[in-house]
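To keep things clear, I will list the structure first and then write my remarks on it.
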Amino acid sequence: MSQGNSYEEARKQRLEDNKRRFQELGVLKMANSLSNVIRKKNKTPVKNQVKSKTTPVNPDFVRHSSRPRKQVTYSERFKNCKTSNIATRVVTYAKRSDALNRAMSFQSGLLSGNPSFVKSMLPSHIGMLSVPLEIRNHLPRETKVRIVLEDEDGSVYETDYRGVYGHLTIGWKTFFMDHKLDNGDALVIEIIEPTRLKVHIFKVSNDVGEVKADELNQRK
């Protein structure tokens, strides 16, 4: 029992000695100062803290763009087309396919053997018409050259052809509007001379599958 008391007294003496040395070195004073700073910081209220309000997001309307959403129906898509005031027809897939099939059937029956291609009209085609890559090899490759468009009646229109890009530009819009081309109409464009194109027009028909007599006569 006396040994236990002596050990406890020795331990207390060491603690007192250590405490005295820390006081001499200023360690305890420094620790107390740090503790006071930390307590004051934790008690300081946070000012001007704005809590963000989160609203639930419908996953069906998640968008990558920051612009406001504008609901547009498919019928409005063509009516709001900035390139034309006449390309307003909303055509069904069946009617577009019908005009395109009649044009392709006509193309396959051409006896001239001239290079040709088929185009199904879209509202964006009013200002410019692109020529397929495989057809460009039969046309001039200049940056800009005048090309004549001839319709079924023999009327001619001069257009600018950009050989580098394969686009019919200036003059094409006049041809488009004079022939009242619209969404869904199909064209067969035939190269009859290096700078002269024959344009055969196949309008969208209300009766799907109807083949007009003048279209049949054009093949003869």
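Quick note on numbering: my numbering labels position 29 of the sequence shown as 583, and the sequence is numbered without any gaps.
Where a beta carbon is used, it is the ideal one built from N, C-alpha and C, also for glycine.
- No residue range can be given for ASP736, since it is assigned to no beta strand (DSSP E) and is classified by DSSP as neither H nor E.
- Distance from the CA of LEU751 to the CA of ASP707, rounded to the nearest whole angstrom, comes to 13 Å.
- Nearest in C-alpha terms to PRO677, of all of LEU687, PHE730, ASN737, is ASN737.
- In the DSSP assignment, the residues bridged to TYR715 are VAL699, LEU722.
- When the beta-carbon positions are compared, SER662 and ALA740 stay at least 8 Å from each other.
- By the Cβ-count criterion, LEU588 is exposed, with fewer than 16 other Cβ atoms from all chains shown falling within 10 Å of its own Cβ.
- Between the alpha carbons of VAL685 and TYR719 lies a distance of about 9 Å.
- At a Cβ-Cβ threshold of 8 Å, GLU744 and SER666 count as neighbours.
- Under DSSP, LEU751 shares a beta bridge with LEU703, ILE745.
- Between PHE756 and ALA657, the beta carbon gap of about 4 Å places them in contact (Cβ cut-off 8 Å).
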